[in-house]
Amino acid sequence: MASKSNRAVLEPEAEKAGHSPELLLGLYRMLLKCRLCDEKARILFRQGKYKGNFYSGVGQEATEVGTAYGLRETDWIAPSHRDWTSNIIKGAPLKFCFAQLFAKVTSPDRGRSSPAHMGYPPLHVITPASSIAGQLNVGTGVALGIKKLGRDDIVVTYCGDGATSFGGFHEALNFAGVHKLPLLYVVQNNLWAESVPLRLQTALTNLSDRAKAYGFPGISVDGNDVLAVYASAQTAIARARAGEGPTLLECKTYRWYGHSEIDPAKYRSKEEVDAWKKRDPVATFEKKLMEQRVLTEAKKTEIAAQTTKEINEAVEFAEQSPYPEASELRDHIWA
Amino acid sequence: MARTLNMLEAINEALSQEMERDDRVFILGEDIGLSGGVFKVTDGLLDKFGEERVLDTPLAEGIIIAAAIGSSMMGLRPVPEIQFADFITPAVEQLVQQASKLRYRSAGGYSCPITVRICCGAGGGSGLYHSQENAAWFVHEPGLKVVLPSTAYDAKGMLLAAIRDPDPVLFFEHKSLYRQAKSEVPEGDYTVPIGPAAIRREGRDMTLLTYGFMTQKSLDAAEQMAQRGVEVEVVELRTLAPLDKEAILNSVRKTNKVLIVHEDKKTMGIGAELSAIISEEAFEDLDGPITRITGPDVPAIPFSPNLDKAWQVNTEKIVAGIEQLAAY
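Same order as they appear, the protein sequences are chains A and B.
Residue 252 in my numbering is what sits at position 252 of the first sequence, and the numbering runs on without skipping anything.
Residue 87 in my numbering is what sits at position 87 of the second sequence, and the numbering runs on without skipping anything.
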């Protein structure tokens with residue numbers, strides 16, 4: 001089984017499945033929401049509305065939506081710095097997501113973490129550290145807890161291609177393989193670890209091959225095709241819930257912008273960026289739904305308008321929220 | 001009923017009783033199950049509780065700690081073991097970046113009540129990489145509690161307190177004390193609170209601040225000096241983070257002189273911080289220089305017997321320190 005599923009599955013598997021219009025529209029709505037929120041976050045940063053930095057995931061939305069859409073409230077997500085939108089998909093209210101960027105007292109962590117490093121405890125999104133692959137290790141521990149308690153919840157962790165070279169990645173996946181833990185390890189392979197190209201990170205072509213070393217399936221998928229990602233994720237999630245263990249899902253994708261908002265990303269060619277932009281995960285899915293008449297021009301306009309209104313309200317909430325008082329500095333160190 | 005146990009037996013009993021009392025408690029680490037631990041601290045627990053609760057792990061300290069952190073977020077009470085403090089380095093990432101900061105960075109949204117048992121300290125011929133007492137690394141990180149008991153009684157009571165504590169606790173066990181430290185230990189359940197220091201010997205002439213393996217050596221030195229008319233008050237810190245400043249300062253204000261004794265290296269060590277606290281808060285009460293007797297600033301304890309012996313703080317070195325300060 002492992003050898004079969006370790007093959008690179010680059011053809012979208014989802015074509016065979018007949019998805020309901022509700023699901024298709026739900027995925028589209030969420031893709032667009034992530035795109036608009038992320039672009040708004042970038043604009044706000046450039047306007048100087050908040051300090052620090054932002055790590056845009058524009059271009060990678062299908063990897064986020066395809067893997068986290070439809071998770072249970074009791075399931076867990078362990079995001080990295082580029083997965084701010086995973087909070088949105090899990091259901092965190094937008095106003096808290098923007099308050100996080102602004103480091104306001106109304107953010108889930110009361111202004112402690114850097115802007116994109118968001119967690120949302122009520123819905124089991126783990127507040128990330130900046131340490132590379134750290135979220136995989138802690139997420140693996142949560143999965144051990146789930147298994148020990150006999151529950152059928154699962155953990156979805158995210159990391160980029162860069163994190164797969166880090167020792168902690170190996171320790172986490174090895175341990176999860178030994179104990180058949182309920183995990184979906186998502187690797188968003190966007191070809192660049194900050195400025196280091198994949199060819200200088202690993203001799204592998206498909207990062208899913210790493211799963212062979214841990215004794216569980218690895219799948220590579222077109223990370224810009226939300227239905228392909230969703231289908232692979234659903235298979236892996238069902239496997240995890242059934243107690244059959246983890247899956248490594250490599251989503252081949254691309255970040256449109258720099259590593260962060262202060263990175264002009266001059267190490268990449270314009271041709272490379274343009275080629276990937278033509279494979280825009282939001283626009284291609286939108287086109288597909290229009291062709292299938294699941295989405296109409298009127299519906300599209302309505303969804304965009306509604307989402308924009310929500311975002312504007314959330315930004316207003318964030319802007320109007322106060323900063324935490326200096327007296328909070330020492331709160332929450334010990335119980 | 002109390003009987004005499006050594007520290008190793010006391011820790012084993014604490015783990016066993018707490019696992020019986022609370023089914024959320026489980027232990028994990030290298031060689032803790034089938035072999036019962038390299039010092040046999042966890043001997044018999046696998047037979048009693050099974051693989052589900054006594055987990056032999058891969059040789060990977062990072063995931064041992066991360067597995068504990070994550071499962072504690074699910075409400076469990078894991079007690080991971082680091083076989084030798086020297087090999088805690090791969091887990092520093094998890095302890096410092098995750099465990100110490102999780103509650104803070106989520107503003108109380110998450111916590112990780114783990115108790116990390118760490119075997120540390122000079123064992124007489126254990127060499128560079130099986131001898132380090134590096135608790136100071138972690139005392140620098142708010143969010144981590146750090147304890148280092150010196151008696152079998154405290155080891156059982158403080159371990160039970162640590163497991164029931166809502167915060168991550170690093171529980172350092174000195175390998176030389178496993179069999180040397182013997183005391184009466186109650187059979188039943190009791191806790192020794194994390195935080196308070198213990199005055200092990202009262203005295204009027206100087207305060208000796210110490211902890212861990214140095215406690216008994218300091219008491220021996222104090223006894224020798226008492227015969228020569230110098231009364232040393234020995235304060236055992238027991239908990240290094242958070243420090244019992246009140247007990248420290250009260251003693252200093254009474255005796256007006258301070259000798260600090262620890263096994264770990266000198267520079268920027270626990271003694272440096274104690275000295276700074278006393279200077280800041282009890283400067284007017286001092287009648288002499290705050291003095292430190294510590295391990296030397298040598299990377300670790302060398303293996304060859306003469307070098308090993310030269311490294312170690314012993315009763316003679318402590319006596320010499322007391323003599324010098326008493327004469328000031």
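C-beta atoms are modelled at their ideal positions from N, C-alpha and C, and glycine is treated no differently.
Inset, instruction - Go through its chain and collect everything with a Cβ distance to A/Tyr120's Cβ below 6 Å, but skip five positions before and after it. - result: Listed in chain order, the non-local C-beta contacts of A/Tyr120 below 6 Å within the same chain comprise Asn87, Ala92, Pro108, local neighbours out to five positions each way being set aside.
Legend entry - Integer Cβ distance of A/Thr253 from A/Gly59, believed to fall under 8 Å: Between the beta-carbon of A/Thr253 and that of A/Gly59 there is about 7 Å, and that keeps the pair under the 8 Å contact cut.
Inset, instruction - Return helix, strand or coil for B/Ser218, following the three-state DSSP convention. - result: Here B/Ser218 sits in helix by DSSP.
Inset, instruction - Can you tell me which of A/Phe102, A/Ala228, A/Arg82, A/Thr63 puts its alpha carbon nearest to the alpha carbon of A/Tyr50? - result: A/Tyr50 has its Cα closest to that of A/Phe102, out of A/Phe102, A/Ala228, A/Arg82, A/Thr63.
Inset, instruction - Answer with yes or no whether the minimum CB distance from A/Tyr43 to chain B is below 8 Å. - result: Going by the sequence as given, residue 43 of chain A is Ile instead of Tyr. No, A/Ile43 lies away from the interface with chain B (no Cβ there is under 8 Å from its Cβ).
Inset, instruction - Drop a sphere of 10 angstroms on the beta-carbon of B/Ala327, count the other beta-carbons inside from all chains shown, and report buried for 16 or more, exposed for fewer. - result: Per the 10 Å Cβ criterion, exposed.
Legend entry - Opposing strand residues paired with B/Gly44 [DSSP bridges]: DSSP lists no partner for B/Gly44.
Inset, instruction - Identify whether A/Trp76 lies in helix, strand or coil by the three-state DSSP scheme. - result: Strand at A/Trp76.
Legend entry - Separation of A/Ala326 from A/Cys37, as counted between CA atoms: In this structure, the straight-line span from the alpha carbon of A/Cys37 to that of A/Ala326 is close to 29 Å.
Inset, instruction - Check the Cβ of B/Lys48 against every Cβ in chain A and list those closer than 7 Å, keeping chain order. - result: For B/Lys48, no chain A residue has a Cβ inside 7 Å of its Cβ, as the nearest lies near 17 Å away.
Legend entry - Residue-chain proximity (A/Glu64, chain B), Cβ-Cβ < 8 Å: For A/Glu64, the answer is no, since every Cβ of chain B falls outside 8 Å of its Cβ.
Inset, instruction - Would you kindly work out how many angstroms separate the C-alpha atoms of A/Thr235 and A/Leu249, rounded to a whole number? - result: Looking at the backbone, the Cα of A/Thr235 and that of A/Leu249 are separated by about 11 Å.
Legend entry - Residue span of the alpha helix (DSSP H) that contains A/Tyr323, given as start and end: Boundaries cannot be given for A/Tyr323, as no alpha helix (DSSP H) includes it and DSSP labels it neither H nor E.
Inset, instruction - Compare the C-beta of A/His81 with all C-beta atoms of chain B and state if any pair is closer than 8 Å. - result: Residue-level contact check: A/His81 does not touch chain B, since none of the beta carbons of chain B fall below 8 Å from its beta carbon.
Legend entry - Option nearest A/Leu184 by Cα separation, candidates A/Leu27, A/Ile303, A/Ser321, A/Gly66: Distance from the Cα of A/Leu184 is smallest, within the candidate group A/Leu27, A/Ile303, A/Ser321, A/Gly66, for A/Gly66.
Inset, instruction - Kindly provide the ranges of any beta strand (DSSP E) runs that are 3 or more residues long and lie completely inside the region 17–83 of chain A, ordered along the chain. - result: For the region 17–83 of chain A, whole beta strand (DSSP E) runs of length 3 or above, ordered along the chain, are 76–78.
Inset, instruction - Taking C-beta pairs closer than 9 Å, name the residues in chain B that A/Lys180 reaches, listed in chain order. - result: Correct list: empty, because the minimum Cβ distance to chain B is about 14 Å.
Inset, instruction - Helix, strand or coil for A/Met1, going by three-state DSSP, please let me know. - result: For A/Met1, the pLDDT reaches just 34, beneath the cut-off of 50, and the residue's location in the model is therefore unreliable, although a value from the coordinates is still provided. DSSP places A/Met1 in coil when its eight states are reduced to three.
Inset, instruction - Establish whether the CB of B/Ser71 and some CB of chain A are separated by less than 8 Å. - result: Output row for B/Ser71: interface = yes.
Inset, instruction - Decide if A/Tyr323 is buried, meaning its Cβ has at least 16 other Cβ atoms within 10 Å, or exposed. - result: That one is exposed.
Inset, instruction - Taking 8 Å as the cut-off, decide whether the C-beta atoms of B/Arg77 and B/Ile163 are in contact. - result: One thing to note: B/Arg77 has its Cβ within 8 Å of the Cβ of B/Ile163.
Inset, instruction - For my contact list, A/Val315 and A/Phe98 are in at a C-beta cut-off of 8 Å; report their separation, rounded to the angstrom. - result: Contact holds; Cβ gap of about 5 Å.
Inset, instruction - Taking only the alpha-carbon atoms, compute the straight-line gap between B/Met214 and B/Leu159 and give it to the nearest angstrom. - result: Spanning the alpha carbons of B/Met214 and B/Leu159 requires a straight line of approximately 20 Å.
Inset, instruction - Give the residues of chain B in contact with A/Thr332, contact being defined as C-beta atoms less than 7 Å apart. - result: Reading off the sequence shown, one finds His at residue 332 of chain A, where the question assumed Thr. Neighbours of A/His332 on chain B, chain order: Arg103, Tyr104, Ala107, Gly108.
Legend entry - C-alpha gap between B/Trp311 and B/Lys101, whole angstroms: Approximately 35 Å between the Cα atoms of the pair.
Legend entry - Proximity of B/Glu236 and B/Arg200 at Cβ, strictly below 8 Å: Yes.
Legend entry - Own chain, CB closer than 8 Å to A/Ser130, minus 5 neighbours either side, in chain order: Answer for A/Ser130: His81, Ser114, His117, listed in chain order.
Inset, instruction - With B/Glu173 as the anchor, note down where its alpha helix (DSSP H) starts and where it stops. - result: Counting along the chain, B/Glu173 falls outside any alpha helix (DSSP H), though it belongs to the beta strand (DSSP E) covering 169–174.
Legend entry - Contact check, A/Ala310 vs A/Leu32, beta carbons under 8 Å: In the sequence as presented, Ala is not what sits at residue 310 of chain A; that position holds Glu. Not closer than 8 Å, so no.
Inset, instruction - Measure the alpha-carbon distance for B/Glu93 versus B/Met268 and round it to whole angstroms. - result: If I take the Cα positions, the gap works out to 21 Å.
Inset, instruction - May I have a chain-ordered list of the beta strand (DSSP E) segments no shorter than 3 residues that lie completely inside the region 269–299 of chain A? - result: Secondary structure in the region 269–299 of chain A: no beta strand (DSSP E) run of 3 residues or longer lies completely within the stretch.
Legend entry - Check whether A/Gly223 and A/Gly177 have beta carbons under 8 Å apart: With contacts defined as CB atoms closer than 8 Å, A/Gly223 and A/Gly177 fail to qualify as a contacting pair.
Legend entry - Coarse secondary structure for A/Ile237, derived from DSSP in three states: In the displayed model, A/Ile237 falls within a helix according to three-state DSSP.
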